[in-house]
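**Q** Supplied in structure tokens, the structure appears directly below.
Number of protein chains: 4
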Amino acid sequence: MKKIKMGMIGGGIGAFIGDAHRRASRICNDFELVGGVFDVDYEKSKLFAKNEEIAPERCYKSVDELIKTESAMPAGEKMEVIAIVTPNALHFPFAKSLLNAGFHLVCEKPMTMTVEEAEELELLVAKKNLTFSLTHTYTGYPMIRQMRDIIAKGVLGTIQRIDAQYYQGWINSIIHGTESRITGIWRLDPEHAGASSCMGDIGVHAFNLIEYTTGLEIKEVLSDLSSVKEDIKLDLDGTVLLRFSKYLKGVIRASQVCGGEENCITLSVYGSKASLKWGQENPNYLYLLSDSEPTKIYKPAHGYNDQLAEAGHTMPAGHPEGIYEALANIYKGTAKSIRGEKFTPGEFPTVHDGVRGMKFIHSVVKSNKEGNVWVKV
Amino acid sequence: MKKIKMGMIGGGIGAFIGDAHRRASRICNDFELVGGVFDVDYEKSKLFAKNEEIAPERCYKSVDELIKTESAMPAGEKMEVIAIVTPNALHFPFAKSLLNAGFHLVCEKPMTMTVEEAEELELLVAKKNLTFSLTHTYTGYPMIRQMRDIIAKGVLGTIQRIDAQYYQGWINSIIHGTESRITGIWRLDPEHAGASSCMGDIGVHAFNLIEYTTGLEIKEVLSDLSSVKEDIKLDLDGTVLLRFSKYLKGVIRASQVCGGEENCITLSVYGSKASLKWGQENPNYLYLLSDSEPTKIYKPAHGYNDQLAEAGHTMPAGHPEGIYEALANIYKGTAKSIRGEKFTPGEFPTVHDGVRGMKFIHSVVKSNKEGNVWVKV
Amino acid sequence: MKKIKMGMIGGGIGAFIGDAHRRASRICNDFELVGGVFDVDYEKSKLFAKNEEIAPERCYKSVDELIKTESAMPAGEKMEVIAIVTPNALHFPFAKSLLNAGFHLVCEKPMTMTVEEAEELELLVAKKNLTFSLTHTYTGYPMIRQMRDIIAKGVLGTIQRIDAQYYQGWINSIIHGTESRITGIWRLDPEHAGASSCMGDIGVHAFNLIEYTTGLEIKEVLSDLSSVKEDIKLDLDGTVLLRFSKYLKGVIRASQVCGGEENCITLSVYGSKASLKWGQENPNYLYLLSDSEPTKIYKPAHGYNDQLAEAGHTMPAGHPEGIYEALANIYKGTAKSIRGEKFTPGEFPTVHDGVRGMKFIHSVVKSNKEGNVWVKV
Amino acid sequence: MKKIKMGMIGGGIGAFIGDAHRRASRICNDFELVGGVFDVDYEKSKLFAKNEEIAPERCYKSVDELIKTESAMPAGEKMEVIAIVTPNALHFPFAKSLLNAGFHLVCEKPMTMTVEEAEELELLVAKKNLTFSLTHTYTGYPMIRQMRDIIAKGVLGTIQRIDAQYYQGWINSIIHGTESRITGIWRLDPEHAGASSCMGDIGVHAFNLIEYTTGLEIKEVLSDLSSVKEDIKLDLDGTVLLRFSKYLKGVIRASQVCGGEENCITLSVYGSKASLKWGQENPNYLYLLSDSEPTKIYKPAHGYNDQLAEAGHTMPAGHPEGIYEALANIYKGTAKSIRGEKFTPGEFPTVHDGVRGMKFIHSVVKSNKEGNVWVKV
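Chains as they are written, first to last, in the working numbering: chain G, 467 to 843; chain E, 467 to 843; chain P, 467 to 843; chain S, 467 to 843.
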């Protein structure tokens, strides 16, 4: 099948997340990176393009130039989709321009800096009828998709409690002075990172996984955040109480100062009949617990899985696939949408997930600022 | 060494927790059960005594009778210590009478129904200079003691976050009608169980483990509890935000409706230099995490452990010991105290831990009732 | 119920295995230790008796004296059962004398030094109609009993492969000179330990677990053993190929020089329809694997277990029990047999298991000595 | 950097392993698939080429045609490397022709059908001075590379025992008639699969991992293989005793009939000072055990790892990478070699590993056929 021509904004030399997107797009094999604006420094951008064997004339000085030139190219040759992998503050302006110019988008999270921007993008995507894929990567894991399917089928009975955790420890080395990573600096600066560090960067993933797997909406939050040290301006740690309905409550726990934790996301959904537990660091294991039967371990590449879960793992059982394949699964769904093929809801997170995420972040920050009170999401 | 003569209040035929105490006391081998009031029904009590080859004349009709008769017996023959394993509401009156009569006590938790009662007992224990051992059993695990030692030595640096969980699922079968256990009934009745089900029965263990291992005091709590169903009067589920100091926060999560969870206690203490993680269902594994070194797994029966941790496991490494041995370790410490031998603080939980626990339970209930506000512990 | 009067041969001060037997007998609560010959040194034996509050007149100088004196005592007072926990070479002579004198026995493994001795005991037990309980402790674990039950019910289909491992590392510190334990010395001396160290001490447990759980007999073995160092006279490491029938093969791997391994026993039984895996260091988890369904984890204290498995765990689910409780389960079965109560085959290993074990050890040693050839068990 | 032009023999529509190679080559990003002979059926081959947007003129009818046409193309345009992913029996003739024509090769294992063929290829590679990369994929895992490094540094002391396992269960569904996969058929046919099924397909991976990580050579083997059912001509299960030297022994256990096992490779290397354990299904965990210190868990993306291990994982710690990334690491090393860049021994398995593998397979088959006797590798 003909590959979809893709451009990229950001993601030049040394950019970790841009490289992840390119790998994922190559794994999925539906995309061809043909150009972009890879760095604010044009010389660096050109060097990157050369390394990647990208035609120099499609390495643009600016997003505006890219839009202008690419828009003038004939269908089949021009870029169809653009991946935005810049620092957070640039997501919105670039996304807006590119949508207005008719490009499909793949966008890193958090989608925008404010809820208003997010809602503006949602309207724009609807109006323009374009594909907008937000890379909440963890939803690409087969066992997360299986979890969603099991819950949708009602296996858990009435859901009674939801608990999600996202613990990392990498900011310790920055705030305690043993290391100073560039990446650390912009993430701790409200101007570039937005209203929140911990909740904006990782708590929102936990939020997204809850809504993705359960199909439920979190209605209200009460948060207690911590900056851990006097001179830090953003939250690096926090707990968020969740309310879904009168008798369904839950909690999100997130931290960037849990020394030694790597990327420890866990998700547990407890029901009256059965429960599900999953952890990101061993993503190919999904545990179904019940009071009366032995715990069951679901794994990829088995006939008992839902079709979408099954399609997301291409190796035979027992050959572990990981985070790149999860992101590739999202790219795969995005490709189907762009091509107008049939796809399953949940094959890629949408602009609506981005709106939800921004609402979550801002509700959480507000709750904390106002003294740990309940705030509607 | 001469065994300590022990009496027991409660714990007759069919009583699970009384049996556990007797097994533990036999493992530790410092006690001899010589009599008691095993059941409110005297006939049943006598039957129990007969089964256990206990002298019929020391199977008493009431606690008062026990006190009167035993007190009159010569030293070396009379009971020195009494284990109270009755339903919660009876702990206080019996403990008070027995302390006043000069008996050492082993008491099940929760220690009392109110904070005032707890404080009264604390004063009484001090005044009478008696041993009061509260069976927060989990503190008897060798790796919990090792955790306490590692933290005391400052290995973690500044503690930055504390997270404890206690999830069970057994109440599901009662509230959803598939089963009806006797034990379930009194636990859901405020008159017998006290102000709280979930927090009073299990949340308080999580609280105790935090204070035990870290040596820190929780200053304030904010809770959100749930009764899960309309007709239930007590909390069966909840989350408690914790504040230790301005920059040290934490969370306790507890639930009795996490279907399929058995007795899933986890405790994580995160520091600026390193962190510790432990789980009750595999109690012989303690994980020390750091950002710069491989994760280390501490296990019992190794020379690298602290002396108290080491003494709490008698088999060679790799021969798993469990919950009965943990309780036996607490009995062992209690015996040392009764005999006036040297013991390490932490060898058994004291009446002060009981006061702390009652304060925790009542603060949590108050916070929830008043609309999820901060309450001093 | 009236406790069974028990004597003990060996197991005095500092003896690890004797202490384990006493703890287990106290947990099970059907026995009362009333006397014995606790040490070859009579003074030490008396000191031990005093510490344990055992009547001094029942601390005997020799097994002969014990037999003579106890035999003369009235029923209800005299010892009914004797636990033999001496070094290996003494098991047989003491067992023979005691059986001839009409005592029931609990005996440590390996039961004897030779196959002939083992067979002599088997005949004697049958002739005397006494209870002989061989403490292959691991068969007391509830999940091993559950494994036996699942296999007996045919859940696995045709068994196609059996793999058992028993790896320890503790001899390293002795043979490489960093430590020198008393216990190490007799175990490396053929006169006291018998024909084999590794296979006789631990390999035989793996053998026993295979025959216990599957109900199959191993027909032939081919072994390759290693003494690891020039100056060691016994095997410290080895692999044994197993043949059950033409198309059912298996393997036992055992070693005492696997540095860092504690007591790593694993047992896997693979069938045409399903398979079972178990590991001793986390004994409360039994894994049922199949090609078409999620892996199932069986745990104790659930209604889905077989009755014998269920009875072997007294705490609620999720409260881990361990090796002492496993041994207590064997003592419990032994008590039932002594009392003439109904018991399930498999509640305790018998003299026949001891004969099988001795045959295994001697076949394995022979196969190795003759150049790794097949030898009938 | 300019991509290396790659051709492929085999791997057309529906071919699992060809797809894996293409994904891996795209992840590594040093290769561009420009043509090949994708299927014996030329029409299917052309369809595949079309789907992949490969120039139709470079979809060849035969390997001979490919050689002829590509050899005539100018440097920079012609294929430099060919990936051979055909059924086993075709590896040798194609490899020989392609090496003679001067192409670098990536070849699936087993490399050939006989030892002689393997040795012929080894000579040819040396003579032609070409890169020959054998895809023993598991050597591409970062923690396998870390294992090799730790052993090379002498951390384990004297190695005392080596134990490797490779258990799968997928053939059950074929031999017991519940399923019939095409892939199953050729694998059970000696003409296409070679002298062995289980040992040739998977046992050889275990062999390779042992020699790769330890740097040791297995000198002799004694095997006991099983075809499991009467009508099967090849081994589906077996155990192989290993001898490295007088006091260093080991074992390889492999089976394709372990129902429910997915791809359960484990590797344990036990030394006098410390030991290492690794399992393929959770490939990012490497356990270092010692008698005197807590077990250490090595994971990717940490500064404590060796450079090669570290380079093989591109995501931050805790973001699991899997089997595709392992294969991509081998492709990366292959690319360095083709480009004449500096690379570390072990970055990709070579033709010599292929010779060793064939010797292993044939020794094992011979040992079994001759009655389970020792055979030199």
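Note that beta-carbon positions come from the ideal geometry of N, C-alpha and C, so glycine has one too. Keep in mind that this is a model prediction, so the values were computed, not measured.
When you compare the CB of S:M781 with every CB in chain G, is at least one pair closer than 8 angstroms?
**A** What you label residue 781 of chain S is simply residue 315 of the fourth sequence in a count that begins at 1. For S:M781, the answer is yes, since a Cβ of chain G falls inside 8 angstroms of its Cβ.
**Q** Residues in its own chain within less than 7 angstroms of S:S738 by CB, not counting five upstream and five downstream?
**A** The residue you call residue 738 of chain S lines up with position 272 of the fourth sequence. The residues are G623, T624 and Q626.
**Q** Run the CB neighbour count on G:E582, radius 10 Å, all protein chains shown included, and call it buried at 16 or more, exposed below.
**A** Translated into positions along the first sequence, residue 582 of chain G becomes position 116. So G:E582 counts as exposed.
**Q** Nearest to G:I479 by alpha carbon, out of G:T552, G:S758, G:F497 and G:A720?
**A** Position 13 of the first sequence, counting from 1, holds the residue named residue 479 of chain G. Ranking the options by Cα distance to G:I479, first place goes to G:T552.
**Q** Buried or exposed: G:D507, going by 16 or more other Cβ atoms within 10 Å of its Cβ?
**A** Locating residue 507 of chain G in the first sequence gives position 41, where the first residue counts as 1. Its Cβ having fewer than 16 others within 10 Å, G:D507 is exposed.
**Q** Please classify P:A474: does DSSP put it in a helix, a strand, or coil?
**A** Start at 1 with the first residue of the third sequence, and residue 474 of chain P comes out as number 8. It should be pointed out that residue 474 of chain P corresponds to Met in this sequence rather than to Ala. Three-state result, P:M474: strand.
**Q** Looking at the structure shown, is S:G823 part of a helix, part of a strand, or coil, going by DSSP?
**A** Here the question's residue 823 of chain S lines up with position 357 in the fourth sequence. Helix, per DSSP.
**Q** What three-state label does DSSP hand S:I548 in the structure shown?
**A** In the fourth sequence, counting from the first residue as 1, residue 548 of chain S sits at position 82. Three-state DSSP puts S:I548 in a strand.
**Q** Buried or exposed, going by whether 16 or more other CB atoms sit within 10 Å of the CB of E:F482?
**A** The residue you call residue 482 of chain E lines up with position 16 of the second sequence. The residue in question, E:F482, is exposed, as its Cβ has fewer than 16 Cβ neighbours within 10 Å.
**Q** Compare the C-beta of P:G823 with all C-beta atoms of chain G and state if any pair is closer than 8 angstroms.
**A** Position 357 of the third sequence, counted from the first residue, corresponds to residue 823 of chain P. No - not a single Cβ of chain G is within 8 angstroms of the one on P:G823.
**Q** Considering only residues of the same chain and omitting the five flanking positions on each side of G:K825, which have a CB-CB separation below 7 angstroms?
**A** Position 359 of the first sequence, counted from the first residue, corresponds to residue 825 of chain G. Excluding residues within five positions, the ones whose Cβ falls inside 7 angstroms are V581 and V843.
**Q** Give the secondary structure of P:Q626 by DSSP, where H, G and I count as helix, E and B as strand, and everything else as coil.
**A** The count along the third sequence starts at 1 and reaches residue 626 of chain P at position 160. P:Q626: strand per DSSP, three-state reduction.
**Q** Under three-state DSSP, which class holds S:E759?
**A** The residue given as residue 759 of chain S occupies position 293 in the fourth sequence. The answer is coil: DSSP assigns S:E759 none of H, G, I, E or B.
**Q** Drop a sphere of 10 angstroms on the beta-carbon of P:K593, count the other beta-carbons inside from all chains shown, and report buried for 16 or more, exposed for fewer.
**A** As a working mapping, residue 593 of chain P is identified with position 127 in the third sequence. Exposed is the call here.
**Q** Going by DSSP, what residues sit across from P:F598 in a beta bridge?
**A** The sequence position of residue 598 of chain P within the third sequence is 132, counting from 1. Looking at the DSSP assignment, P:F598 forms a beta bridge with P:L571.
**Q** Is P:D690 helix, strand or coil by DSSP?
**A** For this step, residue 690 of chain P is matched to residue 224 along the third sequence. Correct three-state label for P:D690: strand.
**Q** At what residues does the beta strand (DSSP E) containing P:Y736 begin and finish?
**A** Position 270 of the third sequence, counting from 1, holds the residue named residue 736 of chain P. Per DSSP, the unbroken beta strand (DSSP E) holding P:Y736 starts and ends at C730 to G737.
**Q** I want to verify the contact list: residues of chain S whose CB lies under 8 angstroms from the CB of E:P760, in sequence order.
**A** Reading the second sequence from its first residue, position 294 is the one you call residue 760 of chain E. Those are L754, K762, I763, Y764, K765, H768 and Y770, listed as they occur along chain S.
**Q** Buried or exposed, going by whether 16 or more other CB atoms sit within 10 Å of the CB of P:Y418?
**A** Given that chain P is displayed from residue 467 to residue 843, the structure contains no residue 418 of chain P and the question cannot be resolved.
**Q** In whole angstroms, what separates the C-alpha of S:T780 from that of G:G778?
**A** As a working mapping, residue 780 of chain S is identified with position 314 in the fourth sequence. As a working mapping, residue 778 of chain G is identified with position 312 in the first sequence. Rounded to the nearest angstrom, the two C-alpha atoms are 21 angstroms apart.
**Q** I'd like to know whether the C-beta atoms of P:P656 and P:K699 end up nearer to each other than 8 angstroms.
**A** Here residue 656 of chain P corresponds to residue number 190 of the third sequence, with the count starting at 1. Here residue 699 of chain P corresponds to residue number 233 of the third sequence, with the count starting at 1. Closer than 8 angstroms, so yes.
**Q** According to the neighbour-count rule (16 or more other Cβ atoms, all chains shown, within 10 Å of its Cβ), is E:D530 buried or exposed?
**A** Position 64 of the second sequence, counting from 1, holds the residue named residue 530 of chain E. Looking at its Cβ environment, which holds fewer than 16 other Cβ atoms inside 10 Å, E:D530 is exposed.
**Q** Could you tell me which of P:K835, P:V547, P:Y632 and P:T680 sits nearest to P:L564, measuring between CA atoms?
**A** As a working mapping, residue 564 of chain P is identified with position 98 in the third sequence. It is P:V547.
**Q** Tell me the residue span of the alpha helix (DSSP H) that contains P:V670.
**A** Here residue 670 of chain P is taken as the residue at index 204 of the third sequence, counted from 1. Counted as a single uninterrupted DSSP element, the alpha helix (DSSP H) harbouring P:V670 occupies residues V670 to T680.
**Q** Using a threshold of 8 angstroms, state whether the C-beta atoms of G:Q612 and G:E727 are closer than that.
**A** Along the first sequence, one-based indexing puts residue 612 of chain G at 146. Along the first sequence, one-based indexing puts residue 727 of chain G at 261. No, the pair does not count as a contact, with Cβ atoms beyond the cut-off.
**Q** Expressed to the nearest angstrom, what Euclidean distance is found between the alpha-carbon atoms of E:P608 and G:H557?
**A** Taking the second sequence and counting its residues from 1, the one referred to as residue 608 of chain E is at position 142. Taking the first sequence and counting its residues from 1, the one referred to as residue 557 of chain G is at position 91. Take the alpha-carbon of E:P608 and the one of G:H557: they are about 51 angstroms apart.
**Q** Measuring straight from C-alpha to C-alpha, what distance separates G:T649 and G:V670?
**A** Position 183 of the first sequence, counted from the first residue, corresponds to residue 649 of chain G. Position 204 of the first sequence, counted from the first residue, corresponds to residue 670 of chain G. For G:T649, the predicted structure reports a pLDDT of 49, less than 50, and the residue's modelled location is therefore unreliable. A value from the coordinates is still provided. Going from the Cα of G:T649 to the Cα of G:V670 covers about 19 angstroms.
**Q** Verify the CB distance criterion: does S:D485 have a CB-CB separation below 8 angstroms to chain G?
**A** Taking the fourth sequence and counting its residues from 1, one reaches residue 485 of chain S at position 19. Interface residue, yes.
**Q** Which bits of chain P does S:N595 rub up against, with CB to CB less than 7 angstroms?
**A** Residue mapping note: residue 595 of chain S aligns to position 129 of the fourth sequence, counting from 1. Within chain P, no residue comes near S:N595; the closest Cβ sits about 42 angstroms away, beyond 7 angstroms.
**Q** Could you tell me which chain P residues have their CB closer than 9 angstroms to the CB of E:N517, listed as they occur along the chain?
**A** By one-based count along the second sequence, residue 517 of chain E stands at place 51. Result: M467.
**Q** Pick from P:K534, P:I533 and P:M545: whose alpha carbon is nearest that of P:K469?
**A** Here residue 469 of chain P corresponds to residue number 3 of the third sequence, with the count starting at 1. Closest option to P:K469, Cα to Cα, is P:M545.
**Q** Which whole-angstrom value is the C-beta distance of P:A801 and P:D615, which I expect to be below 8 angstroms?
**A** Mapped onto the third sequence, residue 801 of chain P falls at position 335. Mapped onto the third sequence, residue 615 of chain P falls at position 149. About 22 angstroms separates the beta carbon of P:A801 from that of P:D615, a gap too long to meet the 8 angstroms contact definition.
**Q** Tell me which residues share the same chain as S:E518 and place their Cβ nearer than 6 angstroms to its Cβ, disregarding the 5 neighbours each side in the sequence.
**A** The sequence position of residue 518 of chain S within the fourth sequence is 52, counting from 1. There are no such residues.
**Q** Just mark P:M472 as buried or exposed, buried being the case when its beta carbon has 16 or more other beta carbons within 10 Å.
**A** Locating residue 472 of chain P in the third sequence gives position 6, counting from the first residue. Classification for P:M472: buried.
**Q** Quick one, which of G:R492, G:A541, G:R489 and G:A549 has its alpha-carbon nearest G:G501's?
**A** Within the first sequence, the letter at position 35 stands for residue 501 of chain G. It is G:A549 whose Cα lies nearest to the Cα of G:G501.
**Q** From the DSSP output, in three-state form, read off P:A801 for me.
**A** Position 335 of the third sequence, counted from the start, is the residue given in the question as residue 801 of chain P. P:A801: helix per DSSP, three-state reduction.
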